[in-house]
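J.: Take this structure, written in structure tokens, and hold onto it; I'll ask about it next.
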Amino acid sequence: MATTGGQAPTPGRSAVVLALRLYGREISRLRRLALPALLLPAVGNIGIRYVAPLLVAKLAGQAAGEEGLTLASALPYVLGFGAALLLAEGVWRIGQHCLNRVGALGMEHLYVLGMDELLAKDAAFFHDNFAGSLTKRVLSFGRRFEDFVDTLTYRIVGSVVPLVFGAVVLWHYEPLLVAGLLLMIALTVAGAAPLIRRRQALVHDREAAIARVSGHVADSLANMETIRAFAAERREAGEHRSRVAESRRLTLRSWDYGNLRVDTLVAPMSVLTNVLGLLVAVAFGGPGQGVEEIVVAFTYYSNATQIMFEFNQIYRRLESSMTEAAQFTELLLDPPTVLDPAEPEPLAPRHTGIRFEAVTFAHGGAKPLFEGLDLDVPAGARIGLVGRSGGGKTTLTRLLLRMSDIDGGRVLIGGQDISRLRQADLRSLIAYVPQEPAMFHRSLRDNIAFARPGATDAEIHAAAAAAHVTEFAEQLPEGFATLVGERGVKLSGGQRQRVALARAVLRDAPVLLLDEATSALDSESESLVQDALWRLMDGRTALVVAHRLSTVAGMDRLIVLDRGRVVEQGSHGELLTADGAYARLWRHQSGGFLGGDDDPAPGAEPPATGTAAFRSRPDRNPAGTRGRRRGPAPAPNPRSRSPSPPLRRGAAWRRGVRPVLGSRFCVVVAVGDVARAVPLPRGPYSPAGPSSVRAPTEGCP
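Under the working numbering, the first residue of the sequence shown carries the number 17, and numbering increases by one thereafter.
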């Protein structure tokens, strides 16, 4: 259930019931400790609140009698009074000892249970929930067990069990005392119940507001660099203030409702109960025991009405604990969609080939992305997935990892249906490098070793060297022991990608999935890393997603996806010769901006990557042109507002870039091997002042 954005969800009754059930299960699991933990403090309360006052009442009754009170007659009661208090304290300590262990062991198990439940969720779940909100929920789920057990022990069992003892004693003196007490308790509960139900909704709103505050704090901290880059500190602080103010408003509303509505009913009823008990004791006290009965009735009724008066506080603590716990248990009401089969097949792939058979898949609530998709990746093949954004390239890799389940068809790896395998077994076959590499707030060594925790230092350093991590690791303050910061903030984007590649090298899996694995690397680093990738792909089945076509042009086969359909497949040369979708994408990337008139001819070789490769390109002529120009160059139109023709590196580049760089109103934008002079828009901070875009002839060559 999402907690992004505006109103956070309110946990329903079923979530509260589930939280109660899980907490009750913990008490049952620890029953050998829980039973004495619950009962012994209640026994101690009986000694302190009921046995000791009863002995005092006996003394008062004897003192009021005809024979009076002597030291000899009083001594047994005095010694009994002291023994009752000492015994009660001893019983309390034993109960507290057991209760401490129930709380600690229960919280430990619930913390583990909560994390296990989150780890079982599918990827879509984490896209819909704030990490900060989930952190608060799962930790509160474990921590609130302590409050629940304490309230149950001290306030409920510790009050109800002594009350039963007191009722038995009062019945011995006068049955009407018991009847009056039970009647007043029943009337108080009947009057407070509807008010408490109303207050429960207010508490739910309060807890939801607190969850929104924690979610916003976590979201802001996770994106602090973006906040600073856009000078949005005051805006985020203002948003935080408004959320905190809303939380304060809802908190006060729930507290005031308890104070002004619930307590204003319970407090008069407790007073009436005490008055009634005293009247009954005076009116019906038998001969010779009037003083004793009055003292007992007053004391026991006071203890009972204290419970009534604290009823709102008791319920408030219990309600707060269960509501906060239910913030987590409501997440458990929606089971994960990606599950291991009840009877998984043993992992026994016959090969490392991959096959998508009539696959149908749609993201939640959206139109189907894939409908009857068929795709075969032979074992050991190096396949590039290319195409426009949103075509389904990354989705294919995620389906292969079983981050989501398909709606129809089958996905096979090594001839085995991946839905019949345990997820851990499936993913043990795959080394995955995502588009945005995830880093843990751990050392550089730990981040690399995450792929194979049992790896030796030599293996880790070898993987780091293969991915060119050692080149920057040696410059870090503590080398491989340096903490990389939360999400790897101490590393650049390219360095994080190299670490992710080192993980893939260390993983040494037979299937390799690369999703834009070199997108954050500069040309020189990319050239080095690609050498490592080619060695890594040797003998493995590789599925490589790339928007930069030069990185996959040398693959065995390229598959062009468009809106979930395979529109073309073949080698780089075959697809250029076909002059279809891939050829258009290639021309757009190698010939300048979209719509450029200098597209390379079909069948042209892919450009080399890296600065050195660019300088050694043999297809440059002295004039700086490349390939075949389709028709004469258009004559410049001084009134045209369309972008100027692309500037070429080489002689033309040297001639054109100097005046452009000296212009006040132009900027040179380079894409691959192509540069273009683009007019700057006039704005409040531009040299030209606020106005429309200046024409290319006004300062742009």
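We treat Cβ as the ideally placed atom computed from N, Cα and C, and that holds for glycine. Computed from a predicted model, the values in this text were never measured in an experiment.
Let me know the alpha helix (DSSP H) ranges lying completely inside the stretch 472-556, each 4 residues or longer, listed in chain order.
T.: 473-482, 486-489, 509-523 and 539-553
J.: Whose C-beta lies closer than 7 Å to the C-beta of Ala-348 among residues of the same chain, with five residues either side of it excluded?
T.: Sequence check: residue 348 is Leu here, not Ala. So the qualifying residues of the chain are Leu-34 and Glu-133.
J.: Considering just the uninterrupted stretch of the beta strand (DSSP E) at Gln-585, what are its terminal residues?
T.: 581-586
J.: Helix, strand or coil for Val-568? Go by DSSP, reduced to three states.
T.: coil
J.: Which same chain residues end up closer than 6 Å to Val-568 when comparing Cβ atoms and leaving out the 5 residues on each side of it in sequence?
T.: Hits under 6 Å: Gly-400, Val-560 and Ala-562.
J.: Does Phe-466 come out as helix, strand or coil in the three-state DSSP assignment?
T.: DSSP, read as helix, strand or coil, puts Phe-466 in coil.
J.: Can you tell me whether DSSP reads Phe-314 as helix, strand or coil?
T.: It is helical.
J.: Tell me whether Lys-74 is buried or exposed, calling it buried when 16 or more other Cβ atoms sit within 10 Å of its Cβ.
T.: buried
J.: Val-154 and Met-123 - do their beta-carbons sit closer together than 8 Å?
T.: no
J.: Given a threshold of 16 other Cβ atoms within 10 Å of its Cβ, counted over all protein chains shown, does His-484 qualify as buried or as exposed?
T.: buried
J.: Grouping DSSP H, G and I as helix and E and B as strand, with all else coil, what is Asp-279?
T.: For Asp-279, the three-state secondary structure derived from DSSP is helix.
J.: Using 8 Å as the cut-off, can you tell me whether the stretch 168-185 makes contact with the stretch 305-323, which would need three or more C-beta pairs spanning the two stretches below that distance?
T.: yes
J.: Label Lys-152 either buried or exposed according to how many other C-beta atoms from any shown protein chain fall within 10 Å of its C-beta, with 16 as the threshold for buried.
T.: Lys-152 should be labelled buried.
J.: Which parts of the stretch 213-297 are runs of the alpha helix (DSSP H), unbroken and 4 residues or longer, counting only runs that do not cross its ends?
T.: 240-245 and 249-273
J.: Cα separation between Gly-274 and Thr-204?
T.: 15 Å
J.: Could you give the residue range of the alpha helix (DSSP H) that holds Ala-53?
T.: 47-61
J.: Using 10 angstroms around the beta-carbon of Trp-602, count the other beta-carbons present and answer buried if the total reaches 16, otherwise exposed.
T.: buried
J.: Can you tell me the Cα-Cα spacing of Leu-218 and Tyr-170, whole angstroms?
T.: 26 Å
J.: Please state the DSSP three-state secondary structure of Gly-207.
T.: helix
J.: Should Asp-350 and Phe-372 be called a contact, given that it needs their Cβ atoms to be closer than 8 Å?
T.: no
J.: Smallest Cα separation from Leu-168: which of Ala-183, Leu-574 and Leu-115?
T.: Leu-115
J.: Would you tell me roughly how many angstroms separate the C-alpha atoms of Arg-443 and Ser-420, rounded to the nearest one?
T.: 13 Å
J.: Hey, quick one: how far does the beta strand (DSSP E) through Tyr-66 stretch, first residue to last?
T.: Unbroken run through Tyr-66: none, as it is neither H nor E.
J.: Say whether chain C places a C-beta atom closer than 8 Å to the C-beta of Arg-37.
T.: The chain labelled as chain C is not found in the depicted structure, where only one protein chain is given.
J.: How close, in whole Å, do the beta carbons of Leu-288 and Ala-208 come, if the pair is a contact with beta carbons under 8 Å?
T.: Not really, about 14 Å apart at Cβ, beyond 8 Å.
J.: Start and end of the alpha helix (DSSP H) containing Arg-426?
T.: Premise fails: Arg-426 lies in the beta strand (DSSP E), 424-429, not in any alpha helix (DSSP H).
J.: According to DSSP, which residues form a beta bridge with Arg-371?
T.: Asp-392 and Leu-428
J.: What do you get for Gly-726, buried or exposed, if any count of 16 or more other CB atoms within 10 angstroms of its CB means buried?
T.: Outside the displayed span of the chain (17 to 717) sits residue 726, for which this structure offers no information.
J.: Output the distance between the C-alpha atoms of Ala-31 and Glu-335, rounded to the nearest integer angstrom.
T.: 13 Å
J.: Is the stretch 568-584 touching the stretch 506-521, taking contact as three or more C-beta pairs under 8 Å?
T.: no
J.: Hey, out of Pro-453, Phe-466 and Arg-503, whose CA is closest to Thr-534's CA?
T.: Pro-453
J.: In the DSSP assignment, the alpha helix (DSSP H) including Asp-441 goes from what residue to what residue?
T.: 439-443
J.: Taking 8 Å as the threshold (C-beta atoms), are Glu-262 and Ser-236 in contact?
T.: no
J.: Can you tell which of Arg-47, Pro-52 and Gly-98 has its C-alpha closest to the C-alpha of Val-72?
T.: Gly-98
J.: Tell me, which residues are paired with Asp-433 by DSSP?
T.: Leu-428
J.: Determine the DSSP secondary structure at Val-694, reduced to helix, strand or coil.
T.: Low confidence applies here, because Val-694 scores a pLDDT of 44, under 50, leaving its location unreliable; read the following figure in that light. Three-state result, Val-694: strand.
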